[in-house]
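A.B. asks: In our numbering, the protein residues as written are 513 to 822. In this text, a Cβ means the ideal position worked out from N, Cα and C, and glycines have one as well.
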């Protein structure tokens, strides 16, 4: 089976590696164009491109698929199937219909819930207990195609989006191979999605970062871990931004006003709208490096009862 693979970020690396390791014929890789990264704006290839080049797989980086350029490449490569994992663009009709087995997508959610660009992060932000990966036969909609196979995992109470992301990438790679094996055996049974159960997971942005301490402790905890590693939850301390990482829910710590702090030897307690606190183990003060909260407040004393926020 000849495969064309389409993917861009870290999440798409392990599925491609699984195809390579299993000996599948990957005829070409589509990925997004290189982008400037960091303060120096160094032009950097997507992670998928790096892996493809290391394995001598031809790489294609069209700026658009709407002008027919992508289909021309498919006509040259003649794949039996196209595998899509976090590519970053919607595929046009002619692209979807070209391969014999169509296009199969590996999506980081338990569809039909969390269609869209940021399903893993939204799952954590919403305090879901379970997450997973779905393989899907792609159609013209946004993550609306028939479901093929699923794999499920429980989300840890303190697990961040980044940590869950890494676990689901491994699960997605395994699910891709399982899906292809089942396809070759003729064992797949596509299942229609129930659109009434769908939710949309829009992209994250930095406007989401400020913490609303009037919310209850569980909501604040989910906010902090859901925005880790990007765009990162933050609050204001003495007029400067304070980024927050590694939060936990704690009990038997009294009560306090929303946003008020209590400094412990092991970290920072911040009280929320329900009177309960979240415990924060790591922070990054504006202009400083990320560090243990205990180390920061040892060198930057703050009185108990100080209120964080604008």
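Can you give me the C-alpha to C-alpha distance between residue 656 and residue 534, rounded to a whole angstrom?
C.D. replies: The sequence position of residue 656 within the chain shown is 144, counting from 1. The sequence position of residue 534 within the chain shown is 22, counting from 1. In a straight line, the C-alpha of residue 656 is about 29 Å away from that of residue 534.
A.B. asks: Beta-carbon separation of residue 659 and residue 703 under 8 Å?
C.D. replies: Looking up residue 659 in the chain shown gives position 147. Looking up residue 703 in the chain shown gives position 191. Yes. Within cutoff.
A.B. asks: Return the Cβ separation of residue 619 and residue 646 in integer angstroms, given the expectation that the two are a contact with Cβ distance under 8 Å.
C.D. replies: In the chain shown, the residue the question calls residue 619 occupies position 107. In the chain shown, the residue the question calls residue 646 occupies position 134. Confirmed, about 5 Å.
A.B. asks: Which residue or residues does DSSP assign as beta-bridge partners of residue 755?
C.D. replies: Taking the chain shown and counting its residues from 1, the one referred to as residue 755 is at position 243. Partner(s): 746 and 796.
A.B. asks: How long is the line joining the alpha carbons of residue 522 and residue 559, rounded to whole angstroms?
C.D. replies: The sequence position of residue 522 within the chain shown is 10, counting from 1. The sequence position of residue 559 within the chain shown is 47, counting from 1. When rounded, the distance between both Cα atoms is 6 Å.
A.B. asks: Which value, in whole angstroms, describes the spacing of the CA atoms of residue 689 and residue 778?
C.D. replies: Position 177 of the chain shown, counted from the start, is the residue given in the question as residue 689. Position 266 of the chain shown, counted from the start, is the residue given in the question as residue 778. So the two alpha carbons sit approximately 44 Å from each other.
A.B. asks: Which of the three DSSP states is assigned to residue 714 in this structure?
C.D. replies: Along the chain shown, one-based indexing puts residue 714 at 202. Three-state result, residue 714: coil.
A.B. asks: Measure how close the beta-carbons of residue 674 and residue 597 come, nearest whole angstrom, since I'm counting them as under 8 Å.
C.D. replies: Start at 1 with the first residue of the chain shown, and residue 674 comes out as number 162. Start at 1 with the first residue of the chain shown, and residue 597 comes out as number 85. Contact flag wrong, Cβ pair sits at about 18 Å.
A.B. asks: According to DSSP, simplified to helix, strand and coil, what is residue 582?
C.D. replies: For the purposes of this step, residue 582 is taken as the residue at position 70 of the chain shown. Residue 582: helix per DSSP, three-state reduction.
A.B. asks: Where does the unbroken beta strand (DSSP E) through residue 691 begin, and where does it stop?
C.D. replies: Here residue 691 is taken as the residue at index 179 of the chain shown, counted from 1. Per DSSP, residue 691 belongs to no beta strand (DSSP E); it is in the alpha helix (DSSP H), 673 to 697.
A.B. asks: Assign residue 740 to one of two classes, buried (16 or more other C-beta atoms within 10 Å of its C-beta) or exposed (fewer than that).
C.D. replies: Here the question's residue 740 lines up with position 228 in the chain shown. Answer is buried; the Cβ neighbour count reaches 16.
A.B. asks: Does the Cβ of residue 524 have 16 or more other Cβ atoms within 10 Å, making it buried, or fewer, making it exposed?
C.D. replies: For the purposes of this step, residue 524 is identified with residue 12 of the chain shown, where counting begins at 1. Under this definition residue 524 is a buried residue.
A.B. asks: Is the distance from the Cβ of residue 756 to the Cβ of residue 736 below 8 Å?
C.D. replies: Position 244 of the chain shown, counted from the start, is the residue given in the question as residue 756. Position 224 of the chain shown, counted from the start, is the residue given in the question as residue 736. Cβ distance < 8 Å, so residue 756 and residue 736 count as in contact.
A.B. asks: Considering only the beta carbon of each residue, do residue 625 and residue 711 sit closer than 8 Å?
C.D. replies: By one-based count along the chain shown, residue 625 stands at place 113. By one-based count along the chain shown, residue 711 stands at place 199. Yes, the pair counts as a contact, with Cβ atoms nearer than the cut-off.
A.B. asks: Apart from the five residues just before and just after residue 812, which ones in its own chain have a Cβ nearer than 8 Å to its Cβ?
C.D. replies: By one-based count along the chain shown, residue 812 stands at place 300. For residue 812, where only same-chain residues beyond five positions count, the Cβ hits under 8 Å are 797.
A.B. asks: Could you check how far apart the C-beta atoms of residue 528 and residue 517 are, in whole angstroms? I think they sit under 8 Å.
C.D. replies: Along the chain shown, one-based indexing puts residue 528 at 16. Along the chain shown, one-based indexing puts residue 517 at 5. That pair is a contact at about 5 Å.
A.B. asks: In chain order, what residues of the same chain lie with their CB nearer than 7 Å to the CB of residue 583, ignoring the 5 residues before and after it?
C.D. replies: Here residue 583 refers to the residue found at position 71 of the chain shown. Here the set comprises 606, 607 and 610.
A.B. asks: By DSSP, does residue 663 sit in helix, in strand, or in coil?
C.D. replies: Position 151 of the chain shown, counting from 1, holds the residue named residue 663. Correct three-state label for residue 663: strand.
A.B. asks: Do the CB positions of residue 684 and residue 665 come within less than 8 Å of each other?
C.D. replies: Here residue 684 refers to the residue found at position 172 when the chain shown is read from its first residue. Here residue 665 refers to the residue found at position 153 when the chain shown is read from its first residue. In this structure, residue 665 does not lie closer than 8 Å to residue 684 by Cβ.
A.B. asks: Distance check for residue 549 and residue 742, CA to CA, integer angstroms please.
C.D. replies: Reading the chain shown from its first residue, position 230 is the one you call residue 742. Reading the chain shown from its first residue, position 37 is the one you call residue 549. Their backbone Cα atoms lie some 15 Å apart in a straight line.
A.B. asks: Which residue's Cα is closest to the Cα of residue 648: 629, 622 and 638?
C.D. replies: Counting from 1 along the chain shown, the entry for residue 648 is found at position 136. Nearest of 629, 622 and 638 to residue 648, Cα basis: 622.
A.B. asks: Taking only three categories from DSSP, how would you classify residue 812?
C.D. replies: Position 300 of the chain shown, counting from 1, holds the residue named residue 812. Coil, per DSSP.
A.B. asks: In chain order, what residues of the same chain have a beta carbon less than 6 Å from the beta carbon of residue 767, not counting five sequence neighbours either side?
C.D. replies: In the chain shown, the residue the question calls residue 767 occupies position 255. 787.
A.B. asks: For the beta strand (DSSP E) containing residue 537, list its first residue and its last residue.
C.D. replies: Numbered from 1 along the chain shown, position 25 holds the residue referred to as residue 537. 537 to 542 is the span of the beta strand (DSSP E), which, as asked, contains residue 537.
A.B. asks: According to DSSP, is residue 548 helix, strand or coil?
C.D. replies: As a working mapping, residue 548 is identified with position 36 in the chain shown. Residue 548: strand per DSSP, three-state reduction.
A.B. asks: Taking residue 564 as part of the alpha helix (DSSP H), name the residues at either end of that continuous run.
C.D. replies: Taking the first residue of the chain shown as position 1, residue 564 is located at position 52. Element bounds for residue 564: 559 to 566.
A.B. asks: Select from 764, 653, 577 and 575 the residue whose C-alpha is nearest the C-alpha of residue 707.
C.D. replies: Position 195 of the chain shown, counted from the first residue, corresponds to residue 707. Selected option, being the one with the closest Cα: 653.
A.B. asks: Measure the C-alpha to C-alpha separation of residue 695 and residue 567 and round it to an integer number of angstroms.
C.D. replies: Position 183 of the chain shown holds residue 695. Position 55 of the chain shown holds residue 567. Cα-Cα distance, rounded: 25 Å.
A.B. asks: Relative to the alpha-carbon of residue 678, which residue among 817, 556 and 632 has its alpha-carbon at the smallest distance?
C.D. replies: Counting from 1 along the chain shown, the entry for residue 678 is found at position 166. When only C-alpha atoms are compared, the closest one is 632.
A.B. asks: Can you tell me whether DSSP reads residue 769 as helix, strand or coil?
C.D. replies: Here the question's residue 769 lines up with position 257 in the chain shown. Residue 769: coil per DSSP, three-state reduction.
A.B. asks: Distance check for residue 819 and residue 791, CA to CA, integer angstroms please.
C.D. replies: For the purposes of this step, residue 791 is identified with residue 279 of the chain shown, where counting begins at 1. For the purposes of this step, residue 819 is identified with residue 307 of the chain shown, where counting begins at 1. Answer to the nearest angstrom: the Cα atoms are 15 Å apart.
A.B. asks: What first and last residue would you give for the alpha helix (DSSP H) that runs through residue 525?
C.D. replies: By 1-based counting over the chain shown, the position of residue 525 is 13. It spans 525 to 533 - the alpha helix (DSSP H) in which residue 525 sits, taken as one unbroken run.
A.B. asks: Which residue comes first and which comes last in the beta strand (DSSP E) that contains residue 617?
C.D. replies: Your numbering for residue 617 matches position 105 in the chain shown. First-last of the beta strand (DSSP E) with residue 617: 615 to 619.
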